[in-house]
Amino acid sequence: MEEFRAIFGEVEDPRDFNVWHDLFEVLFIAMAACLCGANSYGAFAEFGKAKEPLLRQFLALKHGTPSRHTFERVFRRLNPEGLEAALIRFTRELRTALGHPTAGQVVAMDGKRLRGAYDKGLAHQTPIMVCAYLHQTRLVLGQRQATDCSETKGLLQLLQMVALEGAIVTGDALHCSRTARRCAPNRPITCSLSRATAPAWPRTPPRCSPRGRLGRLRSRPSMRRTAGPSAAAPK
């Protein structure tokens, strides 16, 4: 508990001095609820209510467990960078406690767009989250929102934040650049950036479709592949 408090105690509390619930207690309940499968503010509050007798063995809970509105207000006002740094440090300490260092392990780094998570009028700029995933423990070592919706910039920033000494880092062909390798010149990591190539299928002449409603002649190129013995239809 003291180690957890030392890690998350560095997160700055954006609220005023007359708050009812301690920030550490709010973060502790939210973290425990997430590990048990909760994924909403309401689920955090329900978990706190259900486990209140158990939580009182570790926390003071002077004003009881926080409500869903308290969780929402706290996480809306928290500094994302400060909370992110605390979570990365927490995962590092957790790996050490479990005896699973990153040396010699495969860490996959990739970015995904968050569909629907954009501000009004910015549907064309959906944010991209880049994460580092440790295969052995199925643990996300860190994640970061890509700057300017650029997955490459997000990966370069994440490389400098996550401890990857001795790890085998894998990524897409998008990150096959000298810049990605120069991000950690003094850190012994192995980069395995692969490029997915399509099979060289023979191309057939373009097929011409009938004219559309606008009178344009549409041309569609196609590729032909001869089925092998394993792809033959069953008799």
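Its first residue numbered 59, the sequence shown is counted upward by one per residue in the working numbering.
The beta carbon of each residue, even a glycine, is placed where N, CA and C say it ideally should be.
Would you mind reading off the limits of the beta strand (DSSP E) that contains ARG171?
164-171
Please classify GLN201: is it buried, with 16 or more other beta-carbons within 10 angstroms of its beta-carbon, or exposed?
Under the 10 Å beta carbon count, GLN201 is surrounded by 16 or more other beta carbons and is classified as buried.
Are the CB atoms of VAL165 and ILE226 nearer to each other than 9 Å?
yes
Tell me the residue span of the beta strand (DSSP E) that contains ARG202.
197-203
Which one or two residues does DSSP pair with TYR191 in a beta bridge?
Partner(s): ALA166 and VAL198.
Indicate the three-state DSSP secondary structure (helix, strand or coil) for THR210 in the structure shown.
helix
Within its chain, find whatever has a CB closer than 6 Å to the CB of GLN215; leave out the 5 residues flanking it on each side and keep chain order.
ARG202
Can you tell me the Cα-Cα spacing of LYS211 and GLN115, whole angstroms?
44 Å
I'd like the list of long-range same chain contacts for HIS121, defined as Cβ closer than 8 Å, with 5 residues on each side in sequence excluded.
Same-chain partners within the cutoff: TRP78 and HIS79.
Would you kindly work out how many angstroms separate the C-alpha atoms of ARG131 and ALA144, rounded to a whole number?
19 Å
Among ALA118, LEU85 and PRO111, which residue has its Cα nearest to the Cα of PHE102?
LEU85
I'd like to know if ARG196 contacts chain D, where contact means its C-beta is closer than 9 Å to some C-beta of that chain.
Given the protein chain composition of this structure (a single chain), no chain D is represented.
I'd like the span of the beta strand (DSSP E) that includes THR228, first residue to last.
226-229
Going along the chain, which residues of its own chain have a beta-carbon closer than 7 Å to the beta-carbon of GLU61, five neighbours each way excluded?
GLU151
What whole-angstrom Cβ distance do GLY169 and LEU213 have, given they're in contact under 8 Å?
7 Å
Give the C-beta separation of THR160 and LEU222 to the nearest angstrom, bearing in mind that I take them to be a contact with Cβ-Cβ under 8 Å.
Yes, they are in contact, since the Cβ atoms of THR160 and LEU222 sit about 6 Å apart, within 8 Å.
Are there 16 or more other CB atoms within 10 angstroms of the CB of PHE105, so buried, or fewer, so exposed?
buried
Within a Cβ cutoff of 6 Å, which residues of the same chain sit near LEU117, ignoring the five residues on either side of it in sequence?
GLU83
Apart from the five residues just before and just after GLU70, which ones in its own chain have a Cβ nearer than 7 Å to its Cβ?
Counting only residues of its own chain and dropping the five nearest sequence neighbours on each side, GLU70 has a CB closer than 7 Å to the CB of ASN137 and GLY140.
From what residue to what residue does the alpha helix (DSSP H) around PHE105 run?
99-108
For GLU68 and LEU197, I'd like the C-alpha separation in whole angstroms.
23 Å
Within 10 angstroms of its Cβ, does ARG63 collect 16 or more other Cβ (buried), or is it exposed?
With fewer than 16 Cβ atoms within 10 Å of its Cβ, ARG63 is classed as exposed.
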